Amino acid sequence: MSLLRDIRSRIYDIEDFHELGGLILRTSPLLESLFPKVLWGYSSSVDTSPVHLTFDDGPSPDGTPYILDVLARHEVTATFFLRGSDILGNEDLVERIVRNGHRIGYHGLTHDTWWLRNRVQRDIEMNPEWLNQFTDNPFAESRPLLLRAPYGRIDFAAVGSAENMGARFVHWRLTIRDWVEEVSSRTLSRVLYRFTHPGDIILLHDSGPSVRELASALDRVIPLWREAGMNLTPIEPFLESDQQ
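Count the sequence shown with the numbering used here and you get residues 24 to 267, in order.
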């Protein structure tokens with residue numbers, strides 16, 4: 024019977040992998056070593072249980088409220104990496120994110136990459152102060168400023184620019200293809216439970232065609248993570264562990 028369960032488990036993993044377009048990725052330790060000033064996950068050996076949820080590509084009126092509702096129900100604090108172009112017209116959603124106790128980070132003015140750009144282009148994309156020309160800058164009180172590069176594509180020049188701004192790059196150790204169409208909440212919850220490790224920063228999205236399925240998956244998997252001893256924490260313990 025145990026062999027049959029094992030076979031079924033492996034079949035489910037294969038089906039999940041296929042449904043997610045074959046993309047369940049963990050960050051390479053080599054990449055972490057190349058960019059030690061980027062926060063990838065929990066760095067301290069004192070407590071190995073923290074897990075932190077992050078959401079990219081919002082705010083989205085079609086997705087962010089569903090994610091916020093689930094996080095509030097389970098009393099989980101996350102970080103939302105916002106695109107400047109999507110903040111315009113959705114300032115009320117940004118206010119709700121902050122009011123609910125979550126951190127916000129900057130995901131660029133648009134979604135253009137920050138690597139292999141000249142200094143002026145990179146500054147326009149990376150620095151949220153450009154938002155002051157269009158709306159109130161929601162990052163003015165968020166210190167340190169947290170940055171996440173579109174597609175995760177960084178180079179040493181971008182990391183240096185972040186340092187000069189007094190900002191911190193926060194990337195991730197686990198990402199799943201939660202933005203694909205027609206992926207079920209069952210698959211998402213199963214994959215998140217199966218592949219999450221203690222100390223992970225997890226990249227998810229609060230926009231896209233499967234965001235409601237993701238919200239349902241989180242509703243299911245958060246209690247399971249906690250039963251497994253994982254501690255869903257704010258970003259601050261991760262930032263502090265990186266300084267130890």
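Here a beta-carbon is modelled for each residue, glycine too, at the ideal position from N, C-alpha and C. Note that the structure is a prediction, hence the values are computed from the model and not measured.
My output table needs one value for residue i: the three-state DSSP class, helix, strand or coil.
i, result
"H125", "coil"
"N254", "strand"
"F162", "coil"
"T77", "strand"
"R235", "helix"
Nearest to residue i by alpha carbon, out of the options?
i, options, result
"Y216", "V182, R166, S165 and D242", "D242"
"F192", "S239, E152, I127 and T219", "I127"
"G107", "H125, R96 and P82", "P82"
"F261", "F218, D79, A101 and T133", "A101"
"D79", "D115, L132, P73 and N123", "L132"
"L226", "E250, E98, R145 and P173", "P173"
"F179", "L211, L57, R122 and S212", "L57"
Residue i to residue j, Cα distance in whole Å?
i, j, result
"K237", "G189", "Checking the sequence, you will find Leu at residue 237 rather than Lys. Their Cα atoms are separated by approximately 33 angstroms."
"S66", "D265", "5 angstroms"
"V117", "D159", "11 angstroms"
"L255", "G112", "31 angstroms"
"G231", "W202", "5 angstroms"
"M253", "I245", "9 angstroms"
"H61", "E204", "Strictly speaking, residue 61 in this sequence is Val, with His absent from that position. Near 30 angstroms, if we compare the C-alpha coordinates of E204 and V61."
"R166", "E55", "23 angstroms"
"L247", "G175", "28 angstroms"
"L169", "F218", "25 angstroms"
"P84", "V93", "15 angstroms"
Let me confirm a value: residue i is counted as buried when at least 16 other C-beta atoms fall within 10 Å, else exposed. Which label applies?
i, result
"F104", "buried"
"P59", "exposed"
"N187", "exposed"
"E259", "exposed"
"A181", "buried"
I believe residue i touches residue j by the beta-carbon criterion, under 8 angstroms. Please report the beta-carbon distance rounded to the nearest angstrom.
i, j, result
"R119", "L91", "6 angstroms"
"V206", "S239", "Not quite, the Cβ-Cβ distance comes to about 11 angstroms (not below 8 angstroms), so this is no contact."
"D146", "S184", "7 angstroms"
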